[in-house]
Amino acid sequence: MMYRKPAMRRPGLAALLVAFLGFQGWSFLGDFTGQAAAKATTPKAEDGREEPKIAPKPPKITRHASVVESLKNPVKTVSETIDDFYKGYPQPPVLPMYRTFLVDFITQTHLSNVDSRFKYDAIFALGMRHYFTGLMGQYDKLVMSEESEKIWKSLVEAIGLKPDQVQADAEAVAAYASSTKPSEILKHMEGTEKPSEKKVAAAFESIKSSLYSITFSMGLFRVMELSGVELTRNNAEEWAKALKIEPPSKVTSDFETYKQNQSKLQKAEEMLREIEIREKKKLAERLEQKAKALAEKAAKKEPEPSEA
1 MMYRKPAMRR PGLAALLVAF LGFQGWSFLG DFTGQAAAKA TTPKAEDGRE
51 EPKIAPKPPK ITRHASVVES LKNPVKTVSE TIDDFYKGYP QPPVLPMYRT
101 FLVDFITQTH LSNVDSRFKY DAIFALGMRH YFTGLMGQYD KLVMSEESEK
151 IWKSLVEAIG LKPDQVQADA EAVAAYASST KPSEILKHME GTEKPSEKKV
201 AAAFESIKSS LYSITFSMGL FRVMELSGVE LTRNNAEEWA KALKIEPPSK
251 VTSDFETYKQ NQSKLQKAEE MLREIEIREK KKLAERLEQK AKALAEKAAK
301 KEPEPSEA
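As numbered in full-length UniProt numbering, residues 1 to 308 make up the sequence shown, in order.
1) Please determine, among Q262, L211, T252, the residue with the shortest C-alpha to C-alpha distance to I123.
2) Would you call the stretch 223 to 230 and the stretch 179 to 193 touching, i.e. three or more CB-CB distances under 8 Å?
3) Quick one: give me the first and last residue of the alpha helix (DSSP H) that M144 is part of.
4) Going by DSSP, what residue range makes up the alpha helix (DSSP H) through D164?
5) Identify whether Y86 lies in helix, strand or coil by the three-state DSSP scheme.
6) In angstroms with no decimal places, state the Cα-to-Cα distance between P247 and R278.
7) Going by the beta-carbon positions, is the gap between Y89 and K162 smaller than 8 Å?
8) Does K250 come out as helix, strand or coil in the three-state DSSP assignment?
9) With DSSP run on the structure shown, which of helix, strand or coil describes P195?
10) Give the straight-line distance between the Cα atoms of A202 and K208, rounded to the nearest whole angstrom.
11) Does the distance from the CB of A125 to the CB of A158 come in under 8 Å?
12) Just tell me which of T257, P92, T192 has its CA closest to the CA of M144.
13) Measure the C-alpha to C-alpha separation of A295 and R286 and round it to an integer number of angstroms.
14) Quick one: residues in its chain with C-beta nearer than 8 Å to the C-beta of M97, no 5 flanking neighbours on either side, listed in chain order?
15) What do you get for P195, buried or exposed, if any count of 16 or more other CB atoms within 10 angstroms of its CB means buried?
16) Spatial neighbours of D84 within its chain, please: C-beta separation below 6 Å, excluding the five flanking residues on both sides.
17) Give the single residue among D254, R233, G160, H130 whose Cα lies nearest to the Cα of K119.
18) Thinking C-alpha only, which one of E225, S253, K301 is nearest E237?
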């Protein structure tokens, strides 16, 4: 299970009082001392003349650090997570057309992860992995290098999870979904029967009392697809009721977002294929022109036949 940071305790009244006094620097004590010295009787010399007044030294004021200043926020911010991602994957730069999708993905996963109600599970892992592979499916081909897995590793670690664990958990749920009938999966979600895969059983049980996120939804929709269930709004609502997700509109709303994302990814892949075809055509034309130029240059260098 993922490491959970301890909740931040609020300072008590005593601590706040100390902070206030430290911030004030005990200045009210210094004022009191100065006023008392001014009101004291001025000493006189033997001849009756008044001694010159000597101003008392002001007390040394020590400014104490505020309790609020000394406390460090234990919750990681979105910007810190994004910075950690780029530290883990500094080069080569992520292609601009993918950058926005990745930042959105990091943001939504981070916000789920830092929520006190969140509990990591294997279906959440499947949702993460499935969304990422769908998004980055054509990336390596486009950059002509194996970069997507490096990006995946940096992304997962920036969020605070372990890439190998997320990968293994996602594969375990995918294998379960591919080998289990939909009617049995419904029974497992309802709790009338126990699935053979312990990671799936734990996920079905914990989601009933923990934070329900769109990443879990994506994992659940992938389970539906792998088990042979048609991905429709009605089927999504039926599975939500089996898991006792209240209200079921959480799942159906995520379903609409999931379908929209799929449509966007399909259009992006089509665009990439068109770009690839166009670039290959341009490359072929350039090679043809180069071959023609070389042939013309070679023809000019051929010696003319001598007369007999």
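The beta-carbon is built from N, C-alpha and C at its ideal position, and this holds for glycine as well.
A quick look at the data gives this:
1) The residue labelled residue 123 in the question sits at position 123 within the sequence shown. Looking from the CA of I123, the closest CA among Q262, L211, T252 belongs to L211.
2) Touching, yes.
3) The sequence position of residue 144 within the sequence shown is 144, counting from 1. It is not in any alpha helix (DSSP H) - M144 carries neither H nor E in the DSSP assignment.
4) The count along the sequence shown starts at 1 and reaches residue 164 at position 164. In this chain, the alpha helix (DSSP H) harbouring D164 covers 163 to 178.
5) The residue labelled residue 86 in the question sits at position 86 within the sequence shown. For Y86, the secondary structure class from DSSP, reduced to helix, strand or coil, is helix.
6) Taking the first residue of the sequence shown as position 1, residue 247 is located at position 247. Taking the first residue of the sequence shown as position 1, residue 278 is located at position 278. Between P247 and R278, the alpha-carbon positions lie close to 48 Å from each other.
7) By one-based count along the sequence shown, residue 89 stands at place 89. By one-based count along the sequence shown, residue 162 stands at place 162. No, these two residues do not count as a Cβ contact at 8 Å.
8) In the sequence shown, the residue the question calls residue 250 occupies position 250. It is helical.
9) Sequence index remark: in the sequence shown, residue 195 carries index 195 (1-based). Correct three-state label for P195: coil.
10) Numbered from 1 along the sequence shown, position 202 holds the residue referred to as residue 202. Numbered from 1 along the sequence shown, position 208 holds the residue referred to as residue 208. The alpha-carbon atoms of A202 and K208 are separated by roughly 10 Å.
11) Locating residue 125 in the sequence shown gives position 125, where the first residue counts as 1. Locating residue 158 in the sequence shown gives position 158, where the first residue counts as 1. It is not a contact, given that the beta carbons lie outside the stated cut-off.
12) Position 144 of the sequence shown, counted from the start, is the residue given in the question as residue 144. M144 has its Cα closest to that of P92, out of T257, P92, T192.
13) Within the sequence shown, residue 295 is the residue found at index 295, counting from 1. Within the sequence shown, residue 286 is the residue found at index 286, counting from 1. Taking the straight line joining both Cα atoms gives about 14 Å.
14) For the purposes of this step, residue 97 is taken as residue 97 along the sequence shown, with counting starting at 1. Answer for M97: A268, listed in chain order.
15) Numbered from its first residue, the sequence shown carries residue 195 at position 195. A buried status is given to P195, since no fewer than 16 other beta-carbon atoms sit within 10 Å of its beta-carbon.
16) Within the sequence shown, the letter at position 84 stands for residue 84. A158, listed in sequence order.
17) Within the sequence shown, the letter at position 119 stands for residue 119. Nearest C-alpha to K119: G160.
18) In the sequence shown, counting from the first residue as 1, residue 237 sits at position 237. Of the listed residues, the one whose Cα sits closest to E237 is S253.
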